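Numbering (my numbering), first residue to last: 44 to 341. The C-beta atom is built at its ideal place from N, Cα and C for all residues, glycine as well. Treat the numbers as computed from the prediction; the structure is a model and nothing was measured. Notes follow the structure.
So, in structure tokens, the structure goes:
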């Protein structure tokens, strides 16, 4: 696709055949036909308004919970960076740009003695991605703290409440071709020491139980309805440490897949499907992917 020929005159950076793999946490995947980093909200709105409907649009943030397939991504990939990372502290909450890292928002809130956002330190990724998938960890989800999110759409900028986003488990209902630009998260003024202690507790728990220093993509599968968590089902199906090429089910936390070095996106996805098949055979439960998989196979 001649993505450049279809793009309006943007002020941000536009790159043809842009490598995406190095930007993902798995460090795998092919290039984007066109990678656009809009300069600001107006630039993004122009892109969304004038991009032809038949040109596919993919949005990536920190690419921490994503597999980009080896053949790359058709159409236009939007990545929000500078211009979308501001964090503004208010008396009872934080307004954060979509490119702000979840961990930075948690740390900023804690530094200002604002409680209730500590769970974000346990979520790798950006605020935009967290809103788009109702990210959660350690007993809380975005839906619990979101006052509103601003989203850019082909028709203009909308401000949507948590109710309007119809949050469900690891899902939000965004308008078609919408891109989250910023969000307001409410917090509770409190004791800085207590907030900092909770932040450190979550950080330590994550370090102890998850392969945080590996090439991974976070939680691979959603927890199914019922009492048993995805990792328990995977473990019970004998998949801990299972390998496909250089992709491996983590020994430390078996709802994490790893690139042990030299894995392809196809290796990682095939390993995930093997895990799903073994869990289905052992328990009758169909695990649903939590990691977003985008693009073309090689």
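Legend entry - Euclidean distance between Cα positions of residue 271 and residue 102: The residue labelled residue 271 in the question sits at position 228 within the chain shown. The residue labelled residue 102 in the question sits at position 59 within the chain shown. If I take the Cα positions, the gap works out to 32 Å.
Inset, instruction - To the nearest angstrom, report how far apart residue 317 and residue 136 are at their CA atoms. - result: Start at 1 with the first residue of the chain shown, and residue 317 comes out as number 274. Start at 1 with the first residue of the chain shown, and residue 136 comes out as number 93. Using only the alpha carbons, I get a separation of about 43 Å.
Legend entry - Alpha carbon of residue 308 to alpha carbon of residue 261, nearest angstrom: Locating residue 308 in the chain shown gives position 265, where the first residue counts as 1. Locating residue 261 in the chain shown gives position 218, where the first residue counts as 1. Going by the C-alpha atoms only, they are around 15 Å apart.
Legend entry - Any alpha helix (DSSP H) of 4 or more consecutive residues that is wholly inside the region 66–100: 84–93
Inset, instruction - Would you mind stating whether residue 142 and residue 169 have Cβ atoms separated by less than 8 Å? - result: Position 99 of the chain shown holds residue 142. Position 126 of the chain shown holds residue 169. Note that the C-beta distance between residue 142 and residue 169 is below 8 Å.
Legend entry - Cβ distance (whole Å) where residue 114 is taken to contact residue 341 below 8 Å: Along the chain shown, one-based indexing puts residue 114 at 71. Along the chain shown, one-based indexing puts residue 341 at 298. Going by Cβ atoms, the distance from residue 114 to residue 341 rounds to 5 Å, so yes, they are a contact pair.
Inset, instruction - Would you check if the region 145–158 and the region 230–239 touch, i.e. whether three or more CB-CB distances between them fall below 8 Å? - result: The region 230–239, when compared against the region 145–158, does touch it at the 8 Å Cβ threshold.
Inset, instruction - Report the three-state DSSP secondary structure of residue 136 (helix, strand or coil). - result: On the chain shown, residue 136 is found 93 positions in, with the first residue counted as 1. Residue 136 falls in the strand class under three-state DSSP.
Legend entry - First and last residue of the uninterrupted alpha helix (DSSP H) at residue 321: Position 278 of the chain shown, counting from 1, holds the residue named residue 321. Run containing residue 321: 308–326, per the alpha helix (DSSP H) assignment.
Inset, instruction - Run through the region 156–219 for me and flag every whole alpha helix (DSSP H) of 4 or more residues, listed as ranges in chain order. - result: 170–175, 205–208
Inset, instruction - Tell me whether residue 44 sits in a helix, a strand or coil according to DSSP, three-state version. - result: Here residue 44 refers to the residue found at position 1 when the chain shown is read from its first residue. Note on residue 44: pLDDT 47, under 50, position unreliable in the model; no value is reported.
Legend entry - Inter-residue Cα distance where the pair is residue 257 and residue 149: In the chain shown, residue 257 corresponds to position 214, counting from 1. In the chain shown, residue 149 corresponds to position 106, counting from 1. Their Cα atoms are separated by approximately 22 Å.
Inset, instruction - Check whether the region 188–199 touches the region 80–99, taking contact to mean three or more Cβ pairs, one atom from each stretch, closer than 8 Å. - result: yes
Inset, instruction - Give a yes or no on whether the C-beta atoms belonging to residue 179 and residue 111 are separated by under 8 Å. - result: Indexing the chain shown from 1 puts residue 179 at position 136. Indexing the chain shown from 1 puts residue 111 at position 68. The answer is no: Cβ separation not under 8 Å.
Inset, instruction - With DSSP collapsed to three states, give me the class of residue 55. - result: Working through the chain shown from its first residue, we reach residue 55 at position 12. Correct three-state label for residue 55: coil.
Inset, instruction - Classify residue 144 as helix, strand or coil using the three-state DSSP reduction. - result: Position 101 of the chain shown, counted from the first residue, corresponds to residue 144. Strand, per DSSP.
Legend entry - Residues bridged to residue 62 [DSSP beta-bridge criterion]: Here residue 62 refers to the residue found at position 19 when the chain shown is read from its first residue. Beta-bridge pairing links residue 62 to 74.
Inset, instruction - Report the rounded CA-to-CA distance for residue 44 versus residue 79, giving the unit in angstroms. - result: As a working note, residue 44 is residue 1 in the chain shown. As a working note, residue 79 is residue 36 in the chain shown. Interpretation of residue 44 is limited by its pLDDT of 47, a score under 50 that renders its predicted location unreliable; the figure taken from the coordinates is listed afterwards. Roughly 15 Å between the two C-alpha positions.
Inset, instruction - Determine the closest residue to residue 87 out of 154, 268, 162, 55, with distance taken between C-alpha atoms. - result: If you number the chain shown from 1, residue 87 lands on position 44. Nearest C-alpha to residue 87: 55.
Legend entry - CA nearest to the CA of residue 164, picked from 181, 177, 172, 174: Position 121 of the chain shown, counted from the first residue, corresponds to residue 164. Residue 164 has its Cα closest to that of 181, out of 181, 177, 172, 174.
Inset, instruction - Out of 290, 58, 245, 185, point me to the one whose CA is closest to residue 263's CA. - result: By 1-based counting over the chain shown, the position of residue 263 is 220. The option with the nearest alpha carbon to residue 263 is 290.
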